[in-house]
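I have placed the structure first, in the form of structure tokens, so that the comments after it can refer back to it.
In the numbering used here, the protein residues as written are 4 to 170.
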């Protein structure tokens, strides 16, 4: 497990840490200014695009080496170290003001869960037994699938099955 990069020790109190929100805004501005893609940023980090994007949006933490590579790649000048540290901080996952996002794409995932959630649950329980799919030991992949009726978005979620303990 990598360690979080720390500020140099001093007799003076350190400056406050950059918030995940401020970090995300700087990352997005730098991404736009550099005309970089998420694939470019993820390649610089040496990690999957899904995980790097989620970290840059404040929902995951990068290991120290990857955080340094991302911050350096983005060319953030005197904010590089602040962003590097913020990328390593543990997030408060899913902390949004809205209960259900009003963003149409994100809302569709809520809608899919509303419509198919019980079906997914039943099929998982039938195949694996009573338990849950981990969102910690988890992979996510987004792909384009060509189709004559219009390209499709293929979302693959792969999580470890965790059976409920019975005692």
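Glycine residues also receive a C-beta, built at the ideal position from the N, C-alpha and C atoms.
Quick caveat: nothing in here was measured; it's all calculated off a predicted structure.
- Just measuring C-alpha positions, the residue of 89, 148 and 163 sitting nearest residue 57 is 89.
- For residue 46, the closest C-alpha among the options 28, 36, 74 and 60 is that of 74.
- Linking residue 114 to residue 18 through their CA atoms gives a straight-line distance of about 42 Å.
- About 6 Å separates the beta carbon of residue 33 from that of residue 79, a gap short enough to meet the 8 Å contact definition.
- The alpha helix (DSSP H) runs lying completely inside the segment 93 to 136 and spanning 4 residues or more are 107 to 131, given in chain order.
- For the 9 Å CB-CB criterion, residue 159 and residue 140 do not form a contact.
- The beta-carbon separation of residue 48 and residue 69, rounded to 4 Å, stays under the 8 Å limit for a contact.
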